[in-house]
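Report on the following structure.
Written out as structure tokens, the structure reads:
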């Protein structure tokens with residue numbers, strides 16, 4: 659009920675029963691022995707509270723809801739390599755303004771992936787090299803399909819200059835999982851509540867010998 663409707667109701671000089679019924683409908687606390695004047699005053703006070711509430715709503719401007727999204731860049735140089743499955747790896751990067759300007763000035767920006775399984779990589783001794791051109795203004799990540807599972811990979815972001823690749827950022831080494839069950843027969847035992855891991859055969863109890871008579875007793 660609006661303030662105007664309540665004022666119209668009070669101006670009609672309602673009976674005490676009508677006033678009590680409306681007060682209860684509005685959620686006001688009405689006592690059994692209240693007089694008509696007391697019930698009407700209760701309704702009048704409620705009408706005044708509606709007026710003050712309406713004034714406060716007009717005084718306070720509507721609040722604008724702003725969506726705080728994630729920033730496009732954190733302004734730091736970072737190249738991260740993650741393995742997705744045995745034959746897929748994922749690379750993402752973030753660049754500082756200085757590195758972004760340096761790479762944007764180049765004609766050909768490249769992302770390289772190296773197979774560095776069981777080697778100390780020096781930039782030239784990778785088993786395999788995978789290469790992809792990237793547009794820095796359009797993407798910040800890339801997926802590589804790789805032929806070898808259970809292998810170590812490393813990525814570099816750079817550019818071509820005079821036919822040679824010049825690396826600018828280098829990632830971590832990521833190992834793809836195996837695509838076959840492990841051939842290891844070793845058993846790993848973890849002690850609950852401790853960080854130690856025992857590798858080897860499980861402890862066996864001494865062999866117990868059972869004496870069995872070769873003669874079958876009869877008559878039992």
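In my numbering, the protein residues as written are 659 to 878. In this text, a Cβ means the ideal position worked out from N, Cα and C, and glycines have one as well.
Legend entry - Under 8 Å between C-beta atoms of residue 818 and residue 766: Taking 8 Å as the cut-off, the beta carbon of residue 818 is found closer than this to the beta carbon of residue 766.
Inset, instruction - Taking all protein chains shown into account, decide if residue 685 is buried (16 or more other Cβ within 10 angstroms of its Cβ) or exposed. - result: exposed
Legend entry - Spatially closest choice to residue 814 from 673, 746 and 771, by CA coordinates: 771
Inset, instruction - Examine the ligand NAD and report whether any of its heavy atoms sits within less than 7 Å of the Cβ of residue 667. - result: With respect to the ligand NAD, the structure offers nothing, as it holds no ligand at all.
Inset, instruction - Go through its chain and collect everything with a Cβ distance to residue 878's Cβ below 8 Å, but skip five positions before and after it. - result: Bear in mind that the predicted position of residue 878 carries a pLDDT of just 46, short of 50, making it too unreliable to give a figure here.
Legend entry - Straight-line gap, residue 830 to residue 774 (C-alpha atoms, nearest Å): 11 Å
Inset, instruction - Leaving out five residues on either side along the sequence, give the residues of the same chain with a beta carbon under 8 Å from the beta carbon of residue 832. - result: 739, 740, 741, 747, 810, 811 and 812
Inset, instruction - Could you please give the first and the last residue of the uninterrupted alpha helix (DSSP H) stretch that includes residue 629? - result: Residue 629 lies beyond the residue range present for the chain, which begins at 659 and ends at 878; the question has no answer from this structure.
Inset, instruction - Look at the Cβ atom of residue 959, then the Cβ atom of residue 701, and state whether they are nearer than 8 Å. - result: Outside the shown range of the chain, which is 659 to 878, sits residue 959, and nothing can be said about it.
Inset, instruction - Please confirm whether residue 761 and residue 826 have their CB atoms less than 8 Å apart. - result: yes
Inset, instruction - Mark residue 879 as exposed unless 16 or more other C-beta atoms lie within 10 angstroms of its C-beta, in which case mark it buried. - result: In the structure as shown, the chain starts at 659 and stops at 878, and residue 879 therefore has no counterpart that could be examined.
Legend entry - Nearest-angstrom beta carbon gap, residue 768 and residue 791 [assumed within contact, 8 Å]: 6 Å
Legend entry - Rounded straight-line distance, which links the Cα of residue 842 to that of residue 798: Going from the Cα of residue 798 to the Cα of residue 842 covers about 39 Å.
Legend entry - Alpha-carbon to alpha-carbon, residue 808 and residue 730: Each residue's alpha carbon lies about 33 Å from the other.
Inset, instruction - Compute the Euclidean distance between the alpha carbons of residue 661 and residue 724, then round it to the nearest angstrom. - result: In a straight line, the C-alpha of residue 661 is about 33 Å away from that of residue 724.
Inset, instruction - Could you spell out the range, first to last residue, of the beta strand (DSSP E) harbouring residue 674? - result: Where residue 674 is concerned, there is no enclosing beta strand (DSSP E), although the alpha helix (DSSP H) it sits in stretches over 674-683.
Inset, instruction - Under 8 Å Cβ to Cβ from residue 801, same chain only, skipping five residues before and after it: list those, please. - result: Excluding residues up to 5 positions away in sequence, 742, 746, 747, 748 and 749 lie with their Cβ nearer than 8 Å to the Cβ of residue 801 in the same chain.
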